[in-house]
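Here's the structure, in structure tokens; my notes come after.
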Amino acid sequence: MESSAKVMFMVEVRQIVIDYLQEELGINSIALKAYDSDSPIQNGDAEIKRMREIEAIKLRDRIHELTRHIAVIKRMIPNA
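In my numbering, the protein residues as written are 20 to 99.
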């Protein structure tokens with residue numbers, strides 16, 4: 020495989036991976052909105068509030084990690 024063909028292949032793979040990670044980022048962001056909104060559940064039992072906050076923390080961490088992965092991939096692989 021010649022050099023330009025390798026670069027083009029890398030760009031294609033890069034875009035596929037970034038698209039997937041951005042889809043996951045969107046899914047997690049939508050899920051987080053459900054935890055951040057004011058709902059009747061949040062005014063209920065303290066244990067439910069605690070469980071919801073733990074899940075929201077997990078989602079925020081996933082969003083942070085996905086954002087970092089996207090940034091790293093964009094920097095690692097050239098954008099021919």
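Backbone N, C-alpha and C define an ideal beta-carbon position, used for all residues, glycine too.
Leaving out the 5 sequence neighbours to the left and right, which residues in its chain are closer than 6 Å to residue i when beta-carbon positions are compared?
| i | result |
| --- | --- |
| MET29 | ILE96 |
Under the three-state reduction of DSSP, which class applies to residue i: helix, strand or coil?
| i | result |
| --- | --- |
| ASN47 | helix |
| SER56 | coil |
| GLU21 | coil |
Within the continuous alpha helix (DSSP H) that includes residue i, where are the two ends?
| i | result |
| --- | --- |
| GLU72 | 65-95 |
Please go through the same chain and pick out, in chain order, the residues whose beta-carbon is closer than 7 Å to the beta-carbon of residue i, but skip the five residues on each side of it.
| i | result |
| --- | --- |
| TYR54 | ARG71, GLU74, ALA75 and LEU78 |
In chain order, what residues of the same chain lie with their CB nearer than 8 Å to the CB of residue i, ignoring the 5 residues before and after it?
| i | result |
| --- | --- |
| LEU40 | LEU85, HIS88, ILE89 and ILE92 |
| ASN98 | VAL30 and ARG33 |
| ILE37 | ILE89, ILE92 and LYS93 |
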